[in-house]
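Residue numbers (our numbering): 32 to 150.
Notes follow the structure.
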């Protein structure tokens, strides 16, 4: 006796293997490429964080180097001492500030890329 075809149907449920992207799929990279308002906001936030790091370095440098003319004016005449202070006292902190700035700028860019990459 043949079975009815509707009786043999089995419904299988499970996790879908493929997912379709809907039209409302959110992609920050597309927002930036299309220069939308949101993309402009992303880029502006990166620029603001880079500018903030630059201002921190500038402020520390000005606070460190700015008083040197006053210190040199208060010291007795000794041409070699000023050059020694400028060469050995200013150069190493300047290199450290530059190194800190580069590391901070790279970290800001990595964070930005992580934000923009597909999730």
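Where a beta carbon is used, it is the ideal one built from N, C-alpha and C, also for glycine.
Since the structure is predicted, the reported quantities are computational estimates derived from the model, not experimental observations.
Distance check for residue j and residue i, CA to CA, integer angstroms please.
i           : j           : result
residue 20  : residue 90  : Only positions 32 to 150 of the chain appear in this structure, which leaves residue 20 out of reach.
residue 65  : residue 139 : 22 Å
residue 87  : residue 49  : 48 Å
residue 43  : residue 145 : 38 Å
residue 122 : residue 67  : 44 Å
residue 128 : residue 134 : 10 Å
residue 106 : residue 97  : 16 Å
If I measure Cβ to Cβ from residue i and keep anything under 7 Å in the same chain, skipping five residues before and after, which residues do I get?
i           : result
residue 113 : 103
residue 124 : 95
residue 143 : 77
If I measure Cβ to Cβ from residue i and keep anything under 8 Å in the same chain, skipping five residues before and after, which residues do I get?
i           : result
residue 74  : 63
residue 131 : 88
Using C-beta distances below 6 Å, list every residue in its chain close to residue i, excluding the 5 sequence neighbours before and after it, in chain order.
i           : result
residue 147 : 59 and 60
residue 70  : 62 and 63
With a floor of 4 residues, list each alpha helix (DSSP H) that falls wholly inside the stretch 99 to 150, ordered by position along the chain.
Complete alpha helix (DSSP H) runs here, min 4: 99 to 105, 110 to 115 and 122 to 147.
Any contact of the stretch 70 to 89 with the stretch 116 to 124, i.e. 3+ C-beta pairs under 8 Å?
No, they do not touch.
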